[in-house]
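Those letters in the sequence shown? Residues 1 to 430, by the numbering used here.
Each residue gets a CB set at the ideal place from its N, CA and C atoms; glycine is no exception.
In this text, all values refer to a predicted model and were calculated from it rather than measured experimentally.
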Amino acid sequence: MTSTYLDLYQQPASSPDEPAYRDLFMSRSETIARIARAPRDILVVGGGIHGATFARLCALHGLRTVLLERSDYANATSSRTSKMAHGGLRYLQQFDFAQVFQGIRARETLYKSAAHLVSPQEFCVPVSSSSTLAKWKLAAGLTLYDLFVRDAARRHRWCPIEKLDSCLHEVGGEQVTGGFIFSDGIMQDVRIVLESILAARQEGALCLNHASVESLKVLKDGSTEVGWYDRLDKKTYELKVGTVVNCAGPWVAQVGQLRAAPIATRVRYSQGVHLLFDRPWEGPAIYLPLRLPGKHYFICPHWAGTLVGPTDREVNQPEADPLPTSEEVDQLLSQLAQDMPQLGLTRDKLHYCYAGTRTLPVRSQSGSTATMSRRPNWEYSSGMLNLVGGKFTTATWTVEQGFKILTKMAQVQLRKVSLRGRMLPGAAYY
């Protein structure tokens, strides 16, 4: 990649093309006209959490940034999460301490930067009388988890059965002796993405949804000619950019194939299903094994009732709108009937269910998707930076890593600006 178009950020903001005042109420037609008016430094493909965050970071550094999303913002994986901002307790079982540490730090940052959308939530891990070994393993794991938590009030504690809610006294037909209480976060995922888009626009990024990238052509000067399609007005446009950042989530490979050199990283996909019950749950969230290797599920309070999930099933290809299968729904209902029948989370109380697709970079040939590492992978090829995988909670960390690769490959020096601790628009006076 040449730095021809990355150098555009050196032009003054008061140039005729880019007025100093960024109008957040710009109409769609005005946004399209602005995009078509001049070459840009960066095109971000994808309007999920990683695309929105990357566009925000690029604009914050003064780069002339465009983001195109083929559907609604947060339409795919970013709106189909477990609604949790968490460190990833289960990653301790895989000895992935770096992932846990990064997740907890990112969660703590979200408590401050998105305090109106992310809040601490107590979780309970019930321990039965027959699982003495599991109790000590849990205690050791949660102690390690606490090493990364600065707030002593949110460190784990043992809660004897006398102090547990009565509905937690029996799990899976076994008497419970107590439970470990630890803290993680719950979040409003879609609103975080939307506010990240707003924040990117505040910094000058041009963001457009219902706009699909159809073609990518590398020009002789190293820039890329992008053909994109307005899915509302049914019109085709062209855009010249210095670098394309592919944050298309499950469709990262398909977008990569628009170039002569598709991405080299092998990708596997898994589908996770959640059930939302029309029944309030005001106790602590519950963390339970799914009785399959490496799999766990949660029973969490939700503003519309009680959320249960996720499952994990490998799929061959991502779908535009994945739907839960009857087998996946039955699996969770059966598990609930075995583990916690006293909660009354039955089919007649089922209000809604949804499915999301996880994108997993392959680092080894064996193992189920449930036990695969959730660490993302950045791949740079012929002027395109591709993100394979990624977790919602650690999006800022992932994006900053990708931005570092981008500037290194472009051989440009930019004053480092971090998003960590920088508030989302709605958090400023919260």
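Other residues of its chain near residue i: CB distance less than 7 Å, five sequence neighbours each side excluded
i	result
H86	G103, R107, D184, G185 and T393
A427	S113, A114, A115 and H116
G390	H50, P376 and T398
Alpha-carbon spacing of residue i relative to residue j, whole angstroms
i	j	result
Y21	E203	Residue confidence is low: Y21 scores 45 on pLDDT, short of 50, so the model does not pin down where it sits. No coordinate-derived value is stated.
A152	R105	15 Å
V45	V244	7 Å
Y111	V118	6 Å
L406	R415	14 Å
L424	T109	11 Å
V383	Q338	The sequence given here has Gly at residue 383, not Val. Going by the C-alpha atoms only, they are around 53 Å apart.
Q411	D146	40 Å
G283	H61	44 Å
A55	K404	14 Å
G305	P341	17 Å
L275	R70	27 Å
C58	P322	31 Å
S223	N316	34 Å
T81	L43	26 Å
Q331	M84	22 Å
R374	L360	7 Å
L232	V171	51 Å
E225	S212	14 Å
K220	G242	12 Å
K234	C159	60 Å
A36	L239	6 Å
R422	G47	20 Å
Those residues which DSSP pairs with residue i across a bridge
i	result
G227	S215 and E238
H116	In the DSSP output, where bridge partners are listed per residue, H116 has none listed.
H277	According to the sequence provided, residue 277 is Phe. The question's His does not apply to it. The partner list for F277 (beta bridge, DSSP) reads T306 and L350.
C159	G179
R56	Bridge partners of R56: none, in fact.
L67	V44 and C207
G87	BP columns for G87 are empty, so no partner.
G272	G356
S128	V176
Y380	L385
P289	H296
F123	F182 and A285
V171	E174
DSSP-derived helix/strand/coil call for residue i
i	result
A320	coil
P284	coil
E328	helix
T81	coil
Y21	Because Y21 carries a pLDDT of 45, less than 50, the predicted location of this residue cannot be relied on, and no value is offered for it.
W303	coil
M340	coil
F180	strand
A153	helix
H296	strand
V315	strand
A370	helix
Q10	Low confidence applies to Q10: its pLDDT is 39, below 50, so where it sits in the model is not reliable enough to give any reading.
S439	This structure gives no information on residue 439, because the portion of the chain shown stretches from 1 to 430.
Y430	coil
L385	strand
G249	helix
I186	strand
A355	strand
T243	strand
P425	helix
V267	strand
Chain-order list of residues whose beta-carbon lies under 6 Å from that of residue i (same chain, five-residue window excluded)
i	result
R201	L24 and C207
R279	G305, T306 and K349
R155	D146 and V149
L345	F277 and L336
L198	P425
8 Å Cβ shell around residue i - same chain, five flanking residues per side excluded
i	result
H169	I161, Q175 and V176
L164	C124, P126, V176, G178 and G179
A260	V218 and S382
H351	L276, F277, D278, A304 and G305
G141	L89, L92 and Q93
beta-carbon residue i near the ligand HEM non-hydrogen atom, thresh 7 Å
i	result
L275	By its list of ligands, the structure shown contains no ligand whatsoever, and the ligand HEM lies outside what it can speak to.
Any C-beta of chain D under 8 Å from that of residue i
i	result
L216	In the structure shown, chain D does not exist; there is a single protein chain.
Are at least three pairs of beta-carbons, each pair with one atom in the stretch 266-273 and one in the stretch 302-322, less than 8 Å apart?
-> Yes, since at least three Cβ pairs between the stretch 266-273 and the stretch 302-322 fall closer than 8 Å, the two stretches touch.
At least 3 beta-carbon pairs within less than 8 Å: the stretch 280-289 vs the stretch 118-130 | Output reads yes: the stretch 118-130 touches the stretch 280-289.
Could you tell me whether the stretch 299-308 touches the stretch 390-404, where touching means 3 or more Cβ pairs closer than 8 Å?
-> No, because fewer than three Cβ pairs between the stretch 299-308 and the stretch 390-404 fall closer than 8 Å, the two stretches do not touch.
Stretch-stretch touch, CB-based, cutoff 8 Å, three pairs: the stretch 240-255 with the stretch 365-378 = In the pairwise beta carbon analysis, the stretch 240-255 is classified as not touching the stretch 365-378: fewer than three pairs are separated by under 8 Å.
Is the stretch 210-223 touching the stretch 75-83, taking contact as three or more C-beta pairs under 8 Å?
-> No contact exists between the stretch 210-223 and the stretch 75-83.
Flag this pair as touching only if the stretch 90-99 and the stretch 192-199 have three or more C-beta atom pairs under 8 Å; answer yes or no.
-> Flag = no, the stretch 90-99 and the stretch 192-199 do not touch.
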